[in-house]
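Take a look at the structure below.
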Amino acid sequence: MSQETEAAQVFQQCKDILQNTKREISKRIVAQDAAIDGILTSLIVGGHVLLEGVPGLAKTLMVKTFSDITGLSFKRIQFTPDLLPADITGTMIYEQHKGTFSVRKGPVFANMVLADEINRAPAKVQSALLEAMAEGQVTIGEESYALPQPFFVLATQNPIEQEGTYNLPEAELDRFLMKINLTYPTAMEEVSIVKGEGKQSLIPVAQTLSEKTIMALRQYLEMVACDEKLVEYIVSIVAATRPVQGTTTRGTAVRGFAAGAKNRDDIHKYIAFGASPRAGIALCRCAKAAALCAGRSFVLPEDIKSMAPAVLRHRIVLSYEAAAEGVTADDLIARILSLMPVP
């Protein structure tokens, strides 16, 4: 058997596993295919996800279902205004009978952590997740403790109820690989949901993934090729979100966005700050995961386009003009993709 044939079989097996996983999840979750794809992509890549949607769109059920089909340890943290950082990471406990301190680890020590309504806690509590999300470890006292691998944070927030909430700082938003917006189901999909009478959580699902399978998928992800022209395309998209660099003529990436000064100005007047190089890395890896889900060993421009909104929308800081005119980050990303030449 040739190496090409063997590689094709491996990628087909990856596709079959992921398609089977989606089928199992769809037994419980109706009408959120894009969100399921996004979470599955992030799980393969090894990033974290921010889910945003109004109450009742099955955000919590979705996360719990992913825990069931992976067999990973799962903890839920309900973020509230009176939560303390130690309630998440853990703390030092004095044991009087021994006369010594011992470590009591917090709920963050799990493979899959649901940070429910993360924007209801103040910044110091939100930042307690920063080290865990970025470094895969937690510092308690003078010691650092490694988190179990794989480690995956799924945070939820409600976009419409702003009373008693705290906006996530940009540094923490940038630690999320993707921000996924959940939408209302269609009429037919909602009929199916209502017929279930809220008992979807009781529907059994098979475990299609495991720690070993997830780690194997991450190894196969490294085998997916992304052509240099496509890497330049990714950098062009990310660079086009930056008002300062976008108005210069330096570099191939910026020249790729030379669709005219007027087009650039129409976009950049709505952006206060653009995406960082971390966004380019995230977009490249997410595009590779999309190719892996399709059973391919190479990235296509369509993979990049499909992943760009979820990867970039939370990394673009909008200007006052955008708020005044009702322009969203998704509008700007769509505009950039329409103007950017496809290799």
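Residue 338 in UniProt numbering sits at position 338 of the sequence shown, with consecutive numbering throughout. Backbone N, C-alpha and C fix where the C-beta goes; we use that ideal spot for every residue, glycine too.
Problem - Segment contact, 8 Å Cβ cut-off, at least three pairs: the segment 163-172 with the segment 108-123 - result: yes
Problem - Close-in-space but distant-in-sequence residues of the same chain around I203 (CB under 7 Å, 5 per side omitted) - result: K27 and R28
Problem - Opposing strand residues paired with S144 [DSSP bridges] - result: T139
Problem - Pair within 7 Å by beta-carbon distance, A155 and A115 - result: yes
Practice task
Tell whether a beta-carbon distance below 7 Å holds between V49 and M178.
Solution key: yes
Practice task
Mind reading off the beta-carbon distance from F11 to G295? Whole number of angstroms is fine, and I expect it under 8 Å.
Solution key: 5 Å
Exercise for the section: For the segment 275-295 and the segment 306-319, state whether three or more C-beta atom pairs, one from each stretch, are separated by less than 8 Å. Expected result: yes
Practice task
Measure the C-alpha to C-alpha separation of P81 and T91 and round it to an integer number of angstroms.
Solution key: 19 Å
Problem - First and last residue of the uninterrupted beta strand (DSSP E) at Q78 - result: F74 to Q78
Practice task
Name the residue from E131, M188, L182 and A86 whose alpha carbon lies nearest to the alpha carbon of G38.
Solution key: L182
Handout entry: Distance between A329 and M188 (C-alpha atoms, nearest Å)
Key = 29 Å
Handout entry: Three-way DSSP call (helix, strand, coil) for E222 in this model
Key = coil
Handout entry: Spatial neighbours of Y220 in its chain, beta-carbon cut-off 6 Å, leaving aside the 5 residues before and after
Key = C14
Exercise for the section: Under the assumption that S319 contacts A272 (Cβ atoms under 8 Å), give the Cβ distance between them as a whole number of angstroms. Expected result: 4 Å
Exercise for the section: Select from V317, P243, E95 and K199 the residue whose C-alpha is nearest the C-alpha of H268. Expected result: P243
Problem - Alpha-carbon to alpha-carbon, T208 and V299 - result: 25 Å
Problem - DSSP-derived helix/strand/coil call for Y320 - result: helix
Handout entry: Cα-Cα separation between R250 and A275, rounded to whole angstroms
Key = With a pLDDT of 41 at R250, under the threshold of 50, the modelled position of that residue is not reliable, and the figure given next carries that caveat. Roughly 17 Å between the two C-alpha positions.
Handout entry: Residue closest to L57, alpha-carbon to alpha-carbon, out of T21, V194 and L230
Key = V194
Handout entry: I203, enclosing alpha helix (DSSP H) - first and last residue
Key = Segment: none, I203 is in no alpha helix (DSSP H) and carries neither H nor E.
Handout entry: P150 and I214 closer than 7 Å at C-beta
Key = yes
Practice task
Could you pull out every residue in the same chain whose Cβ sits closer than 7 Å to the Cβ of V224, ignoring the five residues on either side in sequence?
Solution key: K288, A291, L292, S297, F298 and V299
Exercise for the section: Identify the continuous beta strand (DSSP E) that holds G38 and give its terminal residues. Expected result: Segment D33 to V45 is the alpha helix (DSSP H) holding G38; no beta strand (DSSP E) there.
Exercise for the section: Could you say which of P341, V342, P185 and S144 lies nearest to residue 344 if we only look at CA atoms? Expected result: Because the chain spans 1 through 343 in this model, residue 344 falls outside it and cannot be assessed.
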